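Asker:
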């Protein structure tokens, strides 16, 4: 299948084809004694992911574990569907997200307020997962991949209060979710992901520092793909956060409303991102994944809390 890339170490990247796009959201299959899917993508992506797993030899009763870095719909919207397709799999999530996978009505109502009619085409509907199949992680935890191999979970709530990073004991791969931002392999751009309501600058920087301390061999971005330049990339992640916060703080101090703050930040960061001066399709992809309005709104929400 053209949406599967072997990354070595029995790890396979799966393009979940979110909303029909390529290169938007990746899921990862760790194909060991106890096959594990990291990130499901959206609900509408679930059949794509199921078919990719089938082509890799993982049938309905073979998948041992589904784990998500956090419960935002581009990462976990397909959990309920994947759980139905693979009835033997446990579903692993941080404890602050567990109840939303079992009872997603509140999460879906919140998402619909943000996305409106676009919700159905972008994400679809998160189906509930039986509570007894959900394993809730604390600040750290370990997922058994078989043969002594583990996927260790590390709480990293800068992006969202239910976010974890996951490191593979065999490969040193670190699944960063959105805590290190959004990476575009086409251009090498890296941009923060700071949506409301949970963004907190110090917590976000602490999460990146934790990732540095774990000394991973490689970063696996949900958006999008593998990155070998670990230290430089995490340094850039922290730098971009500080720049976006400094600019938004300036707009906040000047009393600008959201639209004017977004315009100012867009204007002053534009030259940092090749994607925005390249082809329109890549620019559209970047905005969909890490839109300036969402990022600035998240930072403003935080500023209103810490310096109203």
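In the UniProt record's numbering, the protein residues as written are 1 to 308.
Glycine included, every Cβ here is placed at the ideal spot set by N, Cα and C.
Just so it is clear, the structure is predicted and the values come from calculations on it, not from any experiment.
State the DSSP-derived secondary structure class of residue 285, mapped to helix, strand or coil.
Answerer: helix
Asker: Given residue 217, which residues of its chain have a CB within under 6 Å of its CB, disregarding the five upstream and five downstream residues?
Answerer: 172
Asker: Please name the residue, chosen from 188, 235 and 184, that lies closest to residue 208 on a Cα-to-Cα basis.
Answerer: 235
Asker: Are the beta-carbon atoms belonging to residue 165 and residue 174 less than 7 Å from one another?
Answerer: yes
Asker: CA-CA distance, residue 148 and residue 267?
Answerer: So the alpha carbons of these two residues sit roughly 50 Å apart.
Asker: Can you give me the Cβ contacts of residue 133 inside the same chain, cut-off strictly under 7 Å, excluding the 5 residues immediately before and after it?
Answerer: 83, 90 and 91
Asker: Could you pull the start and end residues of the alpha helix (DSSP H) that residue 100 belongs to?
Answerer: In the DSSP assignment, residue 100 falls within the unbroken alpha helix (DSSP H) covering 95-102.
Asker: Could you check what DSSP says for residue 75 in three-state terms: helix, strand or coil?
Answerer: Residue 75 falls in the helix class under three-state DSSP.
Asker: Distance, Cα to Cα, residue 10 vs residue 27?
Answerer: 14 Å
Asker: State the CB to CB distance for the pair residue 300 and residue 248, rounded to an integer number of angstroms; the pair is presumed to be in contact (CB under 8 Å).
Answerer: 6 Å
Asker: Restricting to Cα atoms, I'd like to know which of 19, 24, 30 and 46 is closest to residue 126.
Answerer: 46
Asker: What is the DSSP secondary structure of residue 235, reduced to helix, strand or coil?
Answerer: helix
Asker: Enumerate, from N- to C-terminal direction, the unbroken beta strand (DSSP E) stretches of 3 or more residues contained entirely within the region 40-74.
Answerer: The qualifying runs are 65-67.
Asker: What are the complete beta strand (DSSP E) segments, minimum 3 residues, inside the region 175-263?
Answerer: 182-184, 189-191, 218-221 and 225-227
Asker: Of the choices 273, 119, 196 and 295, whose alpha-carbon is the least far from that of residue 19?
Answerer: 119
Asker: Would you check if there are 3 or more beta carbon pairs closer than 8 Å linking the region 155-169 to the region 47-60?
Answerer: no
Asker: Please classify residue 162: does DSSP put it in a helix, a strand, or coil?
Answerer: coil
Asker: Indicate the three-state DSSP secondary structure (helix, strand or coil) for residue 7 in the structure shown.
Answerer: strand
Asker: So, at 6 Å on beta carbons, what are the nonlocal neighbours of residue 24 in its own chain, with the 5 sequence-adjacent residues on each side left out?
Answerer: 18
Asker: Can a CB atom of chain B be found closer than 7 Å to the CB of residue 274?
Answerer: The structure shown contains no chain B; it holds only a single protein chain.
Asker: From 224, 199 and 231, pick the residue whose C-alpha is nearest to that of residue 213; which is it?
Answerer: 231
Asker: Please name the residue in 41, 48, 59 and 6 whose C-alpha comes closest to that of residue 222.
Answerer: 41
Asker: Contact between the region 256-270 and the region 290-297: three or more CB pairs below 8 Å?
Answerer: yes
Asker: What residue from 67, 6, 3 and 30 has the CA that sits closest to residue 136's CA?
Answerer: 67
Asker: Start and end of the alpha helix (DSSP H) containing residue 121?
Answerer: 118-122
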